[in-house]
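**Student:**
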Amino acid sequence: MKKMDRLMAIVMALQHGSQTASALSDKLEVSRRTILRDIQTLSEIGVPLGAVSGPNGGYTLMAGFQLPPLQLSSREALCVLFALQGLTGYTDTPFNGERWTVMDKIRSVLPQDTAQSIDPLLKSMEVEVPKRVYHLPHLEMLLGLTAQEQWISVFYQSMNHRRNLIIRPIKIFAAHGFWYCDCISYTHREKRRLRIDRISDIAEVAAPEDYEEPEQCGNSVSTVHIRAELTYKGMLKVERDEHIGECIEAVSEDCWIADFHLPESEWDWVVQLFFSLGREAEVIKPDELRDSIRVRAHELLNRYEYARDRGEPCNECK
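Here's what the structure looks like:
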């Protein structure tokens, strides 16, 4: 980043509140010494800066100082439009109309040569979002309740249960074409991740009086150590997982090892994961996981053997 761009970035950052030299150096990816020199330069050219010492201190702008509206560079415009373009891949968002109008507004204020330079790049770049079909009537309401740190009651349909949960939403985010809610669940007495398209019947409730935050509970989370061999295809599938995708190590050109610790509460999930991988993975340990996969494989085999021998579907499918 050029020095002039860096000076402007520092002023814009300070417009949003106090910043330490260390925080600015991390944000702008330069040394702390460079930031201190830039602060000196800003002072010399008349930018009214203040400094507060102590643990809550930092550099600030004097009240009333504002930069005039700034024109986006071609790379800045490309960055913003690329991010907004990725958002259009989601079937439903809290910004259904705005995600299109803001792109048009940005393009309308760009100089013609800037717009012409970034259009070919935008056409050749893409944030891949799987196509999903769902409707999220409660998403905007859920965003507001999350910002308010409000406890709520929701009806949730998981793979195993359909029931009411008492939760406090912590974070709303989009991934894999879906919207998710990280929350503290009073019902489960732990942190959970919920798919928002499976949430309905949201209502505000009072905070449970007998609930303790997970970090404050004295009990540590029990985990199980899992180690498995993966083929190339298996590795490609596992590395996409946001939880264990980084726990893979190459052993040879044809073999990878997945080695990780998993909370015991996620046992059913990991059994399903390695069962679905089939011949592309082999669990080394624990033996309990190998046994669970073997049982599930026998159940599937018996189901198909039954249908073949009888020439008809099993009772459950009638």
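In this note's numbering, the protein residues as written are 6 to 323. Ideal Cβ positions, reconstructed from N, Cα and C, are used throughout, including at glycine. Quick caveat, the model's predicted, so the values are computed rather than measured.
1) Please work out which residues of its chain come closer than 8 Å, Cβ to Cβ, to L83, disregarding the five sequence neighbours upstream and downstream, and give them in chain order.
2) Among Q121, T98, H181, which has the Cα closest to the Cα of L144?
3) Shortest alpha-carbon distance to F178 belongs to which of W156, D202, R167?
4) Between L54 and W105, what straight-line distance do the alpha-carbon atoms span, to the nearest angstrom?
5) Suppose the cutoff is 7 Å on Cβ atoms and the five residues either side in sequence are ignored; what does the same chain contact list for H248 look like?
6) To the nearest angstrom, report how far apart R112 and L86 are at their CA atoms.
7) If I follow the unbroken beta strand (DSSP E) through S205, where does it start and stop?
8) Considering E133, what are the terminal residues of the beta strand (DSSP E) in which it resides?
9) Within a Cβ cutoff of 8 Å, which residues of the same chain sit near M67, ignoring the five residues on either side of it in sequence?
10) At the level of alpha carbons, what is the spacing between R168 and F160?
11) Closest by CA to A120, which one among S78, E285, H140, S297?
12) Could you tell me the boundaries of the beta strand (DSSP E) in which R232 lies?
13) Report all residues from its chain with a CB closer than 8 Å to the CB of K196; omit the five preceding and five following residues, and keep chain order.
14) Using a Cβ distance threshold of 8 Å, determine whether the region 39-47 contacts the region 6-26, with at least three qualifying pairs required.
15) Give a yes or no on whether the C-beta atoms belonging to I262 and L235 are separated by under 9 Å.
16) Comparing alpha-carbon positions, which option in S48, I15, E49 lies nearest R37?
17) Consult DSSP for R11 and reduce its assignment to one of helix, strand or coil.
18) Can you give the Cα-Cα distance for H266 and R194, rounded to whole angstroms?
19) Where does the unbroken alpha helix (DSSP H) through Q121 begin, and where does it stop?
20) Within the chosen definition, does the region 238-247 reach the region 278-290 through at least 3 CB pairs nearer than 8 Å?
21) Between the C-alpha atoms of P213 and D292, what's the straight-line distance to the nearest angstrom?
22) In this structure, how does DSSP classify V288 when only helix, strand and coil are distinguished?
23) Jot down the residue ranges of each uninterrupted alpha helix (DSSP H) in the region 126-199, minimum 4 residues, whole runs only, in chain order.
24) In chain order, what are the residue ranges of uninterrupted beta strand (DSSP E) at least 3 long that sit wholly in the region 246-299?
25) What did DSSP end up calling T65 once you bin it into helix, strand or coil?
26) Distance, Cα to Cα, Y64 vs V57?
27) Mind checking who V57 pairs with in its DSSP beta bridge?
28) What separation, rounded to the nearest whole angstrom, lies between the Cα atoms of M146 and I157?
**Tutor:** Inspection of the coordinates gives the following:
1) Counted from its first residue, the sequence shown places residue 83 at position 78. The answer, listed in chain order, is I123, L126, L127.
2) For this step, residue 144 is matched to residue 139 along the sequence shown. L144 has its Cα closest to that of T98, out of Q121, T98, H181.
3) To locate residue 178, count along the sequence shown from 1; it is residue 173. Comparing Cα positions, the closest option is D202.
4) What you label residue 54 is simply residue 49 of the sequence shown in a count that begins at 1. What you label residue 105 is simply residue 100 of the sequence shown in a count that begins at 1. Cα-Cα distance, rounded: 38 Å.
5) On the sequence shown, residue 248 is found 243 positions in, with the first residue counted as 1. For H248, where only same-chain residues beyond five positions count, there are no Cβ hits under 7 Å.
6) What you label residue 112 is simply residue 107 of the sequence shown in a count that begins at 1. What you label residue 86 is simply residue 81 of the sequence shown in a count that begins at 1. Roughly 9 Å between the two C-alpha positions.
7) Walking along the sequence shown from the start, residue 205 turns up at place 200. Looking at the DSSP string, the run of the beta strand (DSSP E) that includes S205 is 204-209.
8) Residue 133 sits at position 128 when you count from the first residue of the sequence shown. No beta strand (DSSP E) contains E133, which DSSP labels as neither H nor E.
9) Here residue 67 is taken as the residue at index 62 of the sequence shown, counted from 1. Hits under 8 Å: P53, L54, G55.
10) Here residue 168 refers to the residue found at position 163 when the sequence shown is read from its first residue. Here residue 160 refers to the residue found at position 155 when the sequence shown is read from its first residue. Cα to Cα, the separation comes out at about 6 Å.
11) Taking the sequence shown and counting its residues from 1, one reaches residue 120 at position 115. Per the Cα distances, S78.
12) As a working mapping, residue 232 is identified with position 227 in the sequence shown. Unbroken beta strand (DSSP E) run through R232: 228-235.
13) Looking up residue 196 in the sequence shown gives position 191. If we look at K196 and ignore the five residues flanking it on each side, its Cβ neighbours are I175, D187, C188, I189, S190, P219.
14) yes
15) Numbered from 1 along the sequence shown, position 257 holds the residue referred to as residue 262. Numbered from 1 along the sequence shown, position 230 holds the residue referred to as residue 235. Yes, these two residues count as a Cβ contact at 9 Å.
16) Position 32 of the sequence shown, counted from the start, is the residue given in the question as residue 37. Ranking the options by Cα distance to R37, first place goes to I15.
17) For the purposes of this step, residue 11 is taken as residue 6 along the sequence shown, with counting starting at 1. R11 falls in the helix class under three-state DSSP.
18) Here residue 266 is taken as the residue at index 261 of the sequence shown, counted from 1. Here residue 194 is taken as the residue at index 189 of the sequence shown, counted from 1. C-alpha separation (whole angstroms): 21 Å.
19) On the sequence shown, position 116 is the one that residue 121 refers to. Looking at the DSSP string, the run of the alpha helix (DSSP H) that includes Q121 is 117-128.
20) yes
21) Reading the sequence shown from its first residue, position 208 is the one you call residue 213. Reading the sequence shown from its first residue, position 287 is the one you call residue 292. Distance between the alpha carbons of P213 and D292: 40 Å.
22) As a first step, residue 288 is located in the sequence shown; it is residue number 283 there, counting from the start. V288 falls in the strand class under three-state DSSP.
23) 144-152
24) 253-257, 260-268, 286-290
25) Here residue 65 corresponds to residue number 60 of the sequence shown, with the count starting at 1. It is a strand residue.
26) What you label residue 64 is simply residue 59 of the sequence shown in a count that begins at 1. What you label residue 57 is simply residue 52 of the sequence shown in a count that begins at 1. Approximately 6 Å between the Cα atoms of the pair.
27) For the purposes of this step, residue 57 is taken as the residue at position 52 of the sequence shown. Bridge partners of V57: G63.
28) Against the sequence shown, residue 146 aligns to sequence position 141. Against the sequence shown, residue 157 aligns to sequence position 152. Answer to the nearest angstrom: the Cα atoms are 11 Å apart.
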